[in-house]
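The sequence shown maps to residues 370 to 801 in the working numbering. Every residue gets a Cβ at the ideal spot worked out from N, C-alpha and C, and that includes glycine. A quick note: this is a predicted structure, and the numbers were derived from the prediction, not measured. Structure first, commentary second.
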Amino acid sequence: MTSVSLGQSIAKAIESTGPISLIHYMKQCLTGKGGGYYTSSPDPFGEAGDFVTSPEISQMFGELIGIWIIYEWMSQNQCNGKKVVLIELGPGRGTLMDDALRVMRKFEPFAGAVSSVKLVEASGPLRDLQCAKLCGEDLKPRWQGTNWTETTKHFGAPVTWYDDVRQILLQHDEAPFFIAHEFFDALPINAFQNTPDGWRELLVDIKKDSKLILPNSGEPKEPEFCLTLAPKLSAPARALNSLSPRYEALSGIPNAMVEISPDSHGYIIHFSKSIHHAGSGAALVIDYGPANTVPMNSLRGIQRHKRVSPFVQPGKVDLSADVDFGALVETALRPDFNVEVHGPAEQSQFLFGLGIKERYENLAQTAEGNPEKLAILKSGFERLTERGGLGMGRIYKALAIVPEAGGRQVAGFQREAPVEEAPVAGEEQPQT
């Protein structure tokens, strides 16, 4: 018997009950148990996968994240003797954390304060890759009754995997440091369009010329999908203006579009509450999206490093959308959290402020006489920092959440931090 693909399963549900929300469609495509992209792809990262991330481009990226955490720990009076818990959401292959831990190991006071590493990862294949990177090539996570766990090769810190960050229970003597690199862009979104009748939600429907063919009923065909306006006011559309004055301001603009990510809101609340309750720690978010404007029409599909429609081959295409940094800031700055937000700052500013130029020059000196290694170092440095062409320096942004401390300066977010002066060319798009 021929198995039903994820696309056919989604199409069958739409035929039965009507168009579905964009959030539901994206969740099925990305993390659905019936063939979701991240739950079924063994390794979507790197040149052989669908996209390349900053940690895979250069070791300098993860090293500087490690340095940033050490800086912040020191700025918080070494967190008053509390144990440091390192928490990364969406750790990819584990490369960022591996590079960060390698730097942390060299700073003994900080390494001695780290009690554990916690990774939020629902994909079994990716957990295995992360364990091999962080703990040893021949090791796989061990099931310990409630979680997968192992010991890192870096100063013996235990690493534990979780499906959801809310499963992590912090103790009163622990300071949490959250890292979310290219995590928020993969969270599902809702999309809305302003009409003469007010906001209407955009739903996912079967494309008109795409016929659903069930198994054993003829030549198999993968259905294609499209966005369609909801015929009437939905509950999410009704609540839109009340969520933010930014959305209400757009309600007077004909055909204006808005994308929102409820899950992003929830994660920022969790970060802020955790930092507030601990009175210490930090959250560092690095992702792509506009610094101030509301994203619209940003949903994209990526396959083999190329842009494709997000409405074809569900489960086989990575889906992502621009991060609404303005919404993240609004959420974190609720008065009951008592936290400060720094940024968003362009990735180029953030990395230069942490000393990437000096680190690059140091590595280049050690690679003298090795033209191939020098070329790789130079290419990685330019890709991470340049603000035009294929560079990530402008479109990627960094945002930090720290305890309320009178507006002190935070490393990487200094106003005087230099930025690369390469010209900005073409439309802003995340590099794949």
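Setting aside the 5 residues that flank it on each side, A652 is surrounded in the same chain by F547, F640 and I770, each with a C-beta closer than 6 Å to its C-beta; the list follows chain order. In the DSSP assignment, C595 is bridged to D574. Unbroken beta strand (DSSP E) runs of no fewer than 3 residues, entirely contained in the region 543-572, are found at 543-550 and 559-564, following chain order. With fewer than 16 other beta carbons inside 10 angstroms of its own, W512 counts as exposed. Taking the Cα positions, W442 is about 10 Å away from G450.
Between D574 and F594, the C-beta gap is smaller than 9 Å, which places the two residues in contact. In this structure, L697 lies away from M429, with their beta-carbon atoms at least 9 Å apart. Taking the Cβ atoms as the reference, G658 lies roughly 6 Å from F694, within the contact range of under 8 Å.
Judged by their CB atoms, L572 and S385 are not nearer to each other than the 9 Å cut-off.
Contact check for A480 against G431 fails: the beta carbons are separated by 9 Å or more. Taking each of G712, H541 and D687 in turn and checking the Cα distance to Q397, the smallest one comes out for D687. Look at L508 here: in three-state DSSP terms it is coil, with no helix or strand label.
Under the DSSP assignment, I770 falls outside any alpha helix (DSSP H), being part of the beta strand (DSSP E) whose first and last residues are Y765 to P772.
In this structure, A555 lies near L399, with their beta-carbon atoms less than 9 Å apart. As for any beta strand (DSSP E) of minimum length 3 sitting wholly inside the region 670-716, the runs are 675-677, 687-689 and 708-715, ordered along the chain. Beta-bridge pairing by DSSP links A526 to no other residue. G514 counts as exposed, since fewer than 16 other C-beta atoms from the protein chains shown sit within 10 angstroms of its C-beta. T464 places its beta carbon less than 9 Å from that of K502.
In its chain, beyond the 5 residues on either side, L556 and I558 have a beta carbon closer than 6 Å to the beta carbon of S630. Secondary structure at V472: helix, using DSSP grouped into helix, strand and coil. Counting C-beta pairs closer than 8 Å gives three or more between the region 525-535 and the region 474-492, which meets the contact rule.
Listed in chain order, the alpha helix (DSSP H) runs fully inside the region 614-649 are 614-619 and 631-647, counting runs of at least 4 residues. Just so you know, the alpha carbons of A606 and A733 end up roughly 53 Å apart. By the Cβ neighbour-count rule, S423 is buried, with 16 or more other Cβ atoms within 10 Å of its own.
The beta carbon of L596 sits closer than 6 Å to those of L571, all from its chain and outside the five residues before and after it, given in chain order.
For E727, the uninterrupted alpha helix (DSSP H) run begins and ends at I725 to T735, by DSSP.
The beta carbons of L375 and G684 sit about 4 Å from each other, so the pair counts as a contact at 8 Å. Annotation for D656: the continuous beta strand (DSSP E) segment containing it runs A651 to Y657. A straight line joining the alpha-carbon of S678 with that of G670 spans about 5 Å. For the pair V486 and V454, the CB atoms are nearer than the 9 Å cut-off.
CA-CA distance, E727 to H393, rounds to 46 Å.
By the CB criterion at 9 Å, A526 and V483 fall inside the cutoff.
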